[in-house]
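Colleague: Input: one structure, supplied below.
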Amino acid sequence: MHAPVDIGELVRFALHTMGERNAHHEFERLCLEVARRRLVSNLLMATGPVSSGGDQGRDGESFWTALVHPPHPPASQFAALASPQRVVLACTIQRTDVAAKVRKDLAAISGQGGAVDRVLYFTVAPVPVATRHALQREAREVHDVELDVFDAVALTDFLTTPDLIHLAQRHLGLPSLPGMGGEPAGDLSVAVPEDAIEHHIRGRDALLAELAEQMTRGGDRVVLCGAGGCGKSTVALALARRGRAAGLRVWWVDAATRSTFEEGLREVAVQAGVSREEAREVWTRREAARDVLWRALDDPRTGRWLLVVDNADDPSAVRGWIRAPRPGSTVLVTSREQRPAAWWRQAALHAVDPIGETHGAEMLRELAPRAGTEEEARSLSRRLGGLPLALLLVGRYLAMTSDDPVLPESSTPRSFAAYRAALDREFPETVSALSHDPSGPLTRTWEMSLDLLEAKGAAVARPLFRLISFFAPDPLPVVLLIGSVLARASVFAGLSATGLEEAVRGLLGCGLLNRRRIEADGSTVDTLVVHPLVREITRMQPDAVAGAPEYTTLSVALLAKVAGGLPSDDTSTWLLWRLLAPHCTWVASDTSHAAGEEWMLRGDLAALTASYAHSAGVWALAEEQLRRALDALGHCLPADAPRIVATRHNLAYLRHDQGRYDEAEAELARVLASALKSLGPDHRTTLAARHELARLRLERGDVAYAHAELSVVVSRTAETLGPDHPVTLAARHELARTLRARGDLAGARSLFEQVVGAKTDSLGEAALPTLVTRHELADLLLELGEVERAHAAFTEILALEDRAQGRDHPSTLVTRNNLSRALVELGRLDEAEGELRETLAAWDRIGEGAHPMALVTRGALGGLLATTGRAAEGEKMLRTAAHALERIFGAGHRETVDAQLNHAESLHRLNRHADAEALLRAVVGALVDTAGGEGPRVLAARRKLADICFELGRDAEAEDELRRIVAAKSRDLGADHAETLRDRQALAAVVLRQGHTAIAARQLVSLVDPLDAALGRNHRDSLIARSNLAFAQSQLGADAAARRQLRHVVAVYEEDGLVPDELLATVRELLHQLG
């Protein structure tokens, strides 16, 4: 692993060369990413980046802060860095007269547009402290602006931190470092890795005794620090075994990456007593998660424990999570970081040094018992510097060679003495420095293992090992080792299947590779793993450096071959895709050797990776890979080539799904124009662009355009591809949605049912495209009042989506949201609230808390809170959601209106009647043109207006609104539909209160039995109707009939276990009056 100073030098050199080659656009992108992650998170494009032509000569006005009140949880990283100020990011790669350049840009920034509070200025040139202070003073005095200047030194400090090093790799072309790769988040094992050590632990008695004493006492945070390969984890494992033998609970958390560390702690919390559901919910808010974790760990019922945090090489990722444990319990951390200042003030640091030569000799003789005498083993141990990793590899090597027959003229080391002699001959200058710089002798250790494999006939072991080192530092699926593709490369000329198998077997046998079988969702993938230190040093070998162009090209070819055979919409391929994705992104980030036809291969690979990531809901990865695809294809194809137009379409499609509607619509319009010009009206990409643009316009409320376009698309795709082709069925699905939006619910239902049938026949009932249409049909059933059927359908769809694409997939979250709506209609409010809260937490967990459907969920939760006695809390959520949805969709869009209706209800319950009425009238005004004045959402708004008028005693206005509603619903749904019956009941109540007793009585007589049948006898509206009928009958002198109705109501309360309330009290009072 590189020392920090080496990384810093590489970064500074790369920044210097960036200035020399005038790479302004790349520097601008680098600065923006650093600024968002370290300084101000809510920097967004204003006039657009220079790279897109949006700067228009005003260098430095490319990015401004937005979202003055960011809609994120207070504990989120985004919110922590979000600024309410007007902040501008500016940058320059100019290396001379930097101060003058800064002054010029400050004048331009402050002299145009709105007021600016702060400027973040990045430069590749060093800026002396005195100059920086002078510029800051001038900025305050002349422009009333706070100025921060970040030069190459400051940028280097940022870019050499573990969580930002990937930016240096991406933008500066630096090689990756070991241990920086992550694994998908999930519930991780925190069991002690018992099988990780294959030899006795030696040379650590004194250290283990001291650690055991600390563990017995407890209350400490202990750090084991030392270089890679020195045995820190081995010591930790020995202590873990002692702790378990002493009756402690022991957990082992891998902190090699932030994600595995935090997910591991979540599993610890669960095992310490936190429910898995609570843990998953709070882990999206770090501070809350830490409190939950330590409340469980500090609980005496948890007992005494030892928590091992292994591979914590980035202290900043660990410090905030690990608190001082209670007496009797201990936290043990292993890390390469040895500086005390990097850890807690009270932490106990222990250096883990190489073991002594005697103990090293014992380890060698255990691993290779027939390789020589104790003294020879001691001598070799001394030469290897006592580094446990080197001792392990040498021991394995000699275990293989010491039993082999000795052939004439063989030079293969078979003993401790021979191995030491070989090292002396080939690396005499490095032996004495072994304990200070292990890379030299260790390199030869690994190279000798490769020599041995070659001598045994595994001729391709060395080039294969080199090739594997050119992939990402992640588990490598063995399906990538395709002999027919490898054989095309000169380094694998003449490769046979047997030769490839022998090479893999040999590399596994000598410990250079490890096999790992990864299982998930019923699938298993075989992978190969290289120790990151071994991998990094292997890439630096002379033959690897010389062969880098061929190895890189070969890795791209292998990935493209495998990825090309994996349909991204088939969830059974997603485990393999998840393991391939890090390697696809790794090779995509390094184009230093790309040339000729390889650009096409790279473009296709990036597009395939993006397709998987889009289907799997990993949208950030999808966007990154689509951009890389466009860049790669742009090197070898004209701008209007079908591949490029299709990739642009896929990028616009992704932006639509991300909720970035303005960007998506603009790009789709451009794609459609390009496709019509270069591909023709019936080309598949052209039809796809028309389909997607119509779908987007439908989302934004332009129903007429969407219906007209989709009608054409359905006709054209049916002619060119066939009526049951998946593309045609997808267009028919969207056409059914336009029918629903136009109010033709019967027509929409019929078409949805046809599409579900066709998709089921051709794809299967559990295929994702089929589930999409089944979901839409269930949502329509809910609107039609068939709540039980809708709930059953949503429940079944959710179970299938959970299994196929995961609980946190965006489309799964949409289904959960709609299931909660059905639960609300069924009166199962607690279940609905639980679903909504978990869904909202999941949107935040995947980084999409501002997605339109996340806002819809937020509004639904706010509406539920408002109707269950928490109106103030609900109103706050609804206000935020409604305003955000209006900005995205517009005032008349159904999602905006639903949120506004719920917002009005919350205002009404807070007795803010005037505010509620004003909002409802605005909703009606926005909808009346598009919905003809009688659409379902207009009627919903009018019903809420009627309720407000009724409560305020404005009975005539209430009656007028209700008569409109009843007439429209009687026509569209039928007079005996449940919704119509409820409105008829409300109308009868208004008529009754105005003194029209006989008319009201006749209306109520015709309503009470149908209400019981449609809603149930214990429904609130059913009970109110009978109570009002009894009152009307009593006023008309029909006391006996009135008593029968009142007794019926009392019986329902008593027999059905209803909670006594004001209505029951009124009924009993009237019954008492009537005798």
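Letter by letter, the sequence shown follows residues 45 to 1119 of my numbering.
We put the beta carbon where it would ideally sit given N, CA and C, even for glycine.
(1) When you compare the CB positions of Val163 and Val132, do they come within less than 8 Å of one another, or not?
(2) Report the residue ranges of all alpha helix (DSSP H) runs contained in full by the segment 626-650; include only those spanning at least 4 residues, in chain order.
(3) Suppose you measure from the CA of Gly808 to the CA of Thr940; what does that come to, to the nearest Å?
(4) What residues match up with Gly262 in a beta bridge as DSSP calls it?
(5) Kindly list the residues whose CB is nearer than 7 Å to the CB of Thr859, restricted to its own chain and excluding five residues on each side of it in sequence; keep chain order.
(6) Near Glu949, which residues of its chain fall below 8 Å by C-beta distance, leaving aside the five closest residues on each side in sequence?
(7) Using DSSP with H/G/I as helix, E/B as strand and the rest coil, what is Ala683?
(8) Between the C-alpha atoms of Val336 and Arg938, what's the straight-line distance to the nearest angstrom?
(9) Could you check whether Val1094 and Arg1070 sit closer than 8 Å to each other, using their CB atoms as the reference points?
(10) Could you tell me which of Phe933, Gln138, Ala904 sits nearest to Lys920, measuring between CA atoms?
(11) If you draw a straight line from the C-alpha of Arg714 to the C-alpha of Ala738, how long is it?
(12) Under a Cβ-count criterion, where at least 16 other Cβ atoms within 10 Å of its own Cβ denotes burial, should Pro1104 be classed as buried or exposed?
(13) I'd like the list of long-range same chain contacts for Ala1157, defined as Cβ closer than 7 Å, with 5 residues on each side in sequence excluded.
(14) According to DSSP, is Pro521 helix, strand or coil?
(15) Flag this pair as yes or no: are the beta carbons of Asp1100 and Pro1054 separated by less than 8 Å?
(16) Are the CB atoms of Arg793 and Val747 nearer to each other than 8 Å?
(17) Rank Ser718, Leu424, Ala632, Gly1039 by C-alpha distance to the C-alpha of Ala516 and give the top, closest one.
(18) On a CA-only basis, which of Val758, Gln138, Arg130, Ile245 is nearest Asp188? Give me that one, please.
(19) Give the secondary structure of Glu190 by DSSP, where H, G and I count as helix, E and B as strand, and everything else as coil.
(20) Quick check on Glu563: does DSSP put it in helix, strand or coil?
(21) What is the rounded straight-line gap between the Cα of Glu546 and the Cα of Ala499?
(22) Note down, in chain order, each residue of its chain lying with its Cβ closer than 8 Å to the Cβ of Leu497, except the 5 sequence neighbours on either side.
(23) Do the segment 299-311 and the segment 866-883 make contact, defined as three or more Cβ pairs closer than 8 Å?
(24) Can you check the segment 952-1016 for any alpha helix (DSSP H) of at least 4 residues that lies completely inside it and give the ranges in chain order?
(25) Taking the runs of the alpha helix (DSSP H) that are 4 residues or longer, which of them lie wholly in the segment 333-384?
(26) Going by DSSP, which residues form a beta bridge with His394?
(27) Please name the residue or residues paired with Val600 in a DSSP beta bridge.
(28) So, for Val972: in the same chain, excluding its five sequence neighbours on each side, which residues have a beta-carbon less than 8 Å away from its beta-carbon?
(29) Please work out which residues of its chain come closer than 7 Å, Cβ to Cβ, to His1092, disregarding the five sequence neighbours upstream and downstream, and give them in chain order.
(30) Quick one: is Thr761 buried, meaning 16 or more other Cβ sit within 10 Å of its Cβ, or exposed?
(31) Apart from the five residues on each side of it in sequence, which residues of its chain come closer than 7 Å, Cβ to Cβ, to Ala159?
(32) Which residues mark the beginning and the end of the alpha helix (DSSP H) in which Thr417 is found?
(33) Which class does Arg293 belong to by DSSP, given the choice of helix, strand or coil?
(34) Can at least three beta-carbon pairs, one atom from the segment 248-268 and one from the segment 312-325, be found at a separation below 8 Å?
(35) What span of residues does the beta strand (DSSP E) with Thr136 cover, start to end?
(36) Inspect the CB distances between the segment 134-146 and the segment 52-72 and report whether three or more fall short of 8 Å.
Modeller: Quick look at the numbers:
(1) yes
(2) none
(3) 35 Å
(4) Pro371
(5) His819, Phe838, Ile841, Leu842, Glu845
(6) Gly907, Ala910, Thr911, Ala960, Lys988
(7) coil
(8) 39 Å
(9) no
(10) Ala904
(11) 14 Å
(12) exposed
(13) This structure gives no information on residue 1157, because the portion of the chain shown stretches from 45 to 1119.
(14) strand
(15) no
(16) no
(17) Ala632
(18) Arg130
(19) strand
(20) strand
(21) 12 Å
(22) Ala505, Arg506, Ala547, Gly550, Leu551, Cys554
(23) no
(24) 957-971, 980-995, 999-1016
(25) 359-363
(26) Leu268
(27) DSSP output for Val600 lists no bridge partner at all.
(28) Val982
(29) Arg1070
(30) buried
(31) Arg130
(32) No alpha helix (DSSP H) holds Thr417; DSSP gives it neither H nor E.
(33) strand
(34) no
(35) 131-136
(36) yes
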